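Engineer:
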Amino acid sequence: MTDCLAITNLSATLPDGQRLLRSVNVNVAPGEVRALVGESGAGKSMLSKAVLGVLPVSVKIVEGDIWLQGNDLGRLTAAKRRQAVAASIALIPQDPLTALNPSRRIGPQMTDRLVKILGWDQTRADERVRTLLDEVHIRDGERVLRAYPHELSGGMRQRVLIAAAFAAEPKLIIADEPTTALDVTVQKQILRLIAEMQRLHGTAILFVTHDLGVVAKISQNVTILYGGMVVEEGAVDQLFANPQHPYTRALLAATPRYTDPEASLLPVDQSVLSDLAKAVETADRDWMSSHGG
Amino acid sequence: MMQRIVIRLLTMLVTLFGVAVVVFIVIRIAPGDPIAMMLPPGATDADIDRLRALYGLDKSLFEQFFIWFWGILQGDFGTSISLRQDVLGLVLERLPATLELSILALFIAVLFGGFLAIVGARERGTAIESGIDVINGAALSIPDFLWGLVLILFFGVLIPIFGITGRVSPRLDLPFDTQFYLFESILRLRFDLTKDLLSHLFMPALALALPLAAIIAQLLKQSLKEVLELDYIVLARVKGFSETQVILREALKNAALPTLTLIGVQFTFLIGGTVIIERLFSYEGLGNLAIDAVINRDLPLIQGIVLVFAMLFVLINLAVDLSYALLNPRLRHG
């Protein structure tokens, strides 16, 4: 079976030649929930932006391919690529407070992709969106559809965005730290909601996060990034039970456990980080020499 | 909302009263005597005093002001000293010409400026954006009356395709009932007249519009570029909308707010600019009348014209305030 998303050997650079992504390989099978974990600057956001085709202009993909449903996105024209992404990927953004247009009502913001890009008729799109608002447990859907974003709470807006993401039955959803900007109490609900929606629709999810506690709750597989490189990947339970890489071990030791809240957290050991920095340097040197400087 | 409008209307009255006081005093402090302008040299003191008494200029400033102000409250703006006609009638006869000129200028400025801003934001970081910046710089650094001279030279003298004097060709019969010639010619479907009127309006309107167009282009482009970095724009791109669609559907309305304030302020400057531009193109508007009034020291007429200009400015500011609420749903219920 073809992977839903296959990122092969992807490298992206800034204009000065500095690599932000260093030959990254990530695969997401249909229906799989894969967590993409790393601290800030690890390249996890860059990677999702590269897939979505919304990289900043200064960042260029210099090597590698992104395959979506068996199509090489790099070979498509800009318009075809937009269409392909719109038809099979959706994004649950990080901050629900800034991800909705303040001057447009919620309804049209939820249906515009269906109607304007995917060619549904408006009635069908409206019905679809109402069903989804039900699924994300918004009871007064009609009011929400007519509301402006500022009339809804952060948690409500994230529910709206989750519903909108599932509206077009995408094959893959990229969830970009969808709980980071929310209240701790709301975080748990939203996380449960995403898991529930995923089971209901069978959509593959690439779940970007820096929180290993979240990873354990929601995903089957995990890829750990550092400095734009894949450090370790595998099934969550195996990787948590038996981490191979010292960095993964250090990250796990730095994560609070609900089972033992009194246990002290350990900062990531300096020697682990300097080893990683050396590894990044070696990778860059090899890459430079194999690409003619 | 209603409450806000009422409060605004009340403050408007206070502003206008302030303007009335200031104008009244300033033009009486300024040198020049309207009576001296009217009489031939060698008039006797008795003649001068009689005329002075006729126009009420022998009374104290305080008395003069309240006579004038009481008149205004009853709709009587006084009588022009130099033209010997009712001031309100004169002003109302000329105001439509100035309104048509400034509104057309505003329209051109928004169209040009908006277009350049959208193209510049779409092509941000490219040579096209730099080109637009250069054009903006040039349009901004030349004031409207110089643009007027340049346009007269090019399109009135070297390639004479536009009218350069007056409002309409003198040989034409005008069937109009109002002074809004352009507007009325369209309503009456007399497009031959519309064309003639536009050919006279176009150059003065363009001269007034160019600096404003540049300001609009510059500010709106900047706001658009800022808005285009926001999360909901990224989401719109992921949804599959093209850059142009993203700008027009998602960004423009939110980016337009600062530009709207600016247009309000700048539009009042533009109307101020009509005074010189109308003179330059011998356009029979309020500005041209104002210059004549000042030359003749026609105190009631100057007062009347300034007060009407002030009223326009205040109304424009009110309109800008109200249009905010239309663009920004968060202000609607406040």
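These protein sequences, in sequence, are chains A and B.
Take 1 as the starting number for the first sequence in our numbering and just add one per residue.
Take 1001 as the starting number for the second sequence in our numbering and just add one per residue.
Glycine is no exception: its CB is placed at the ideal position from the N, C-alpha and C atoms.
The structure displayed is predicted, hence computed values, not measured ones.
At a CB-CB cut-off below 8 Å, which residues of chain A make contact with residue 1254 of chain B?
Structural biologist: Chain A residues near residue 1254 of chain B: 101, 102, 103.
Engineer: At what residue ranges does the segment 212-247 of chain A contain a whole run of the beta strand (DSSP E), taking only runs of 3 or more?
Structural biologist: 221-226, 229-235
Engineer: What are the complete alpha helix (DSSP H) segments, minimum 4 residues, inside the segment 1205-1262 of chain B?
Structural biologist: 1231-1238
Engineer: DSSP puts residue 27 of chain A in a beta bridge; with which residues?
Structural biologist: A:6
Engineer: Determine, using beta carbons only, whether residue 1276 of chain B and residue 1145 of chain B come nearer to each other than 7 Å.
Structural biologist: yes
Engineer: According to DSSP, is residue 1153 of chain B helix, strand or coil?
Structural biologist: helix
Engineer: CB residue 44 of chain A to CB residue 36 of chain A, shorter than 7 Å?
Structural biologist: Yes, they are a contact pair.
Engineer: Starting from the C-beta of residue 1176 of chain B, find all residues in its chain whose C-beta is less than 7 Å away, skip the five residues before and the five after it, and write them out in chain order.
Structural biologist: 1184
Engineer: Does DSSP put residue 67 of chain A in a helix, in a strand, or in coil?
Structural biologist: strand
Engineer: I need the DSSP call for residue 97 of chain A, collapsed to helix, strand or coil.
Structural biologist: Shown here, residue 97 of chain A sits in coil according to DSSP, grouped into three states, outside any helix or strand.
Engineer: Could you round the C-beta distance between residue 175 of chain A and residue 208 of chain A to whole angstroms and report it? I think they count as a contact, below 8 Å.
Structural biologist: 6 Å
Engineer: Our contact map puts residue 1230 of chain B next to residue 179 of chain A with C-beta atoms below 8 Å; I'd like the distance itself, whole angstroms only.
Structural biologist: The beta-carbon separation of residue 1230 of chain B and residue 179 of chain A, rounded to 20 Å, does not stay under the 8 Å limit for a contact.
Engineer: Would you please state the rounded distance, in angstroms, between the beta carbons of residue 1284 of chain B and residue 1167 of chain B? I believe it to be under 8 Å.
Structural biologist: 5 Å
Engineer: According to DSSP, is residue 126 of chain A helix, strand or coil?
Structural biologist: helix
Engineer: Below 8 Å on C-beta distance, what does residue 1231 of chain B contact in chain A?
Structural biologist: Ordered by position in chain A, the residues that pass the 8 Å Cβ test against residue 1231 of chain B are 93, 94, 95, 98, 99.
Engineer: Using a 10 Å radius around the Cβ and a threshold of 16 neighbouring Cβ atoms, would you call residue 1147 of chain B buried or exposed?
Structural biologist: buried
Engineer: Please check the pair residue 88 of chain A and residue 172 of chain A, which I expect to be a contact at CB under 8 Å, by giving their CB distance rounded to whole angstroms.
Structural biologist: 6 Å
Engineer: What three-state label does DSSP hand residue 35 of chain A in the structure shown?
Structural biologist: When secondary structure is reduced to three states using DSSP, residue 35 of chain A falls in the strand class.
Engineer: Going by beta-carbon coordinates alone, are residue 1317 of chain B and residue 1264 of chain B separated by less than 7 Å?
Structural biologist: The Cβ atoms of residue 1317 of chain B and residue 1264 of chain B sit closer than 7 Å to each other.
Engineer: Identify the contact partners of residue 83 of chain A in chain B, using a Cβ-Cβ distance below 7 Å as the criterion.
Structural biologist: 1240
Engineer: Looking at the secondary structure, which residues open and close the beta strand (DSSP E) in which residue 173 of chain A lies?
Structural biologist: 172-176
Engineer: Below 8 Å on C-beta distance, what does residue 1089 of chain B contact in chain A?
Structural biologist: Within 8 Å Cβ-Cβ: nothing; residue 1089 of chain B doesn't reach chain A, min ~45 Å.
Engineer: By how many angstroms is the C-alpha of residue 1242 of chain B removed from the C-alpha of residue 15 of chain A?
Structural biologist: 25 Å
Engineer: Under a three-way DSSP split, which group does residue 1334 of chain B fall into?
Structural biologist: Unreliable placement is indicated for residue 1334 of chain B, whose pLDDT of 43 sits below 50; no coordinate value is reported for it.
Engineer: DSSP three-state call for residue 188 of chain A: helix, strand or coil?
Structural biologist: helix
Engineer: Taking the alpha-carbon of residue 1206 of chain B as reference, which of B:1028, B:1113, B:1315 has the nearest alpha-carbon?
Structural biologist: Residue 1206 of chain B has its Cα closest to that of B:1113, out of B:1028, B:1113, B:1315.
Engineer: Measure from the C-beta of residue 54 of chain A to each C-beta in chain B and report whether the shortest distance is under 7 Å.
Structural biologist: yes
Engineer: Could you compute how far the alpha carbon of residue 216 of chain A sits from the alpha carbon of residue 158 of chain A?
Structural biologist: Distance between the alpha carbons of residue 216 of chain A and residue 158 of chain A: 21 Å.
Engineer: What residues in its chain sit with their C-beta under 6 Å from that of residue 1120 of chain B, if we drop five residues either side in the sequence?
Structural biologist: 1129, 1132, 1221
Engineer: Please give me, in chain order, every unbroken run of the alpha helix (DSSP H) with length at least 4 that falls completely inside the segment 1001-1075 of chain B.
Structural biologist: Entirely contained in the segment 1001-1075 of chain B, the alpha helix (DSSP H) runs reaching 4 residues are, in chain order, 1002-1029, 1034-1038, 1045-1054, 1061-1073.
Engineer: Tell me which residue opens and which closes the beta strand (DSSP E) that residue 204 of chain A is part of.
Structural biologist: 204-209
Engineer: For residue 1149 of chain B, is the classification buried or exposed, using 16 other Cβ atoms within 10 angstroms of its Cβ as the cut-off for buried?
Structural biologist: With fewer than 16 Cβ atoms within 10 Å of its Cβ, residue 1149 of chain B is classed as exposed.
Engineer: Does the separation of the CB atoms of residue 1251 of chain B and residue 1228 of chain B fall below 7 Å?
Structural biologist: yes
Engineer: When the Cα atoms are used, what is the spatial distance from residue 1216 of chain B to residue 1109 of chain B?
Structural biologist: 8 Å
Engineer: Name, please, each residue of chain A whose Cβ falls closer than 7 Å to the Cβ of residue 1235 of chain B.
Structural biologist: 91, 93, 99
Engineer: Between B:1041, B:1008, B:1244, B:1203, which lies nearest to residue 1151 of chain B when the distance is taken from Cα to Cα?
Structural biologist: B:1203
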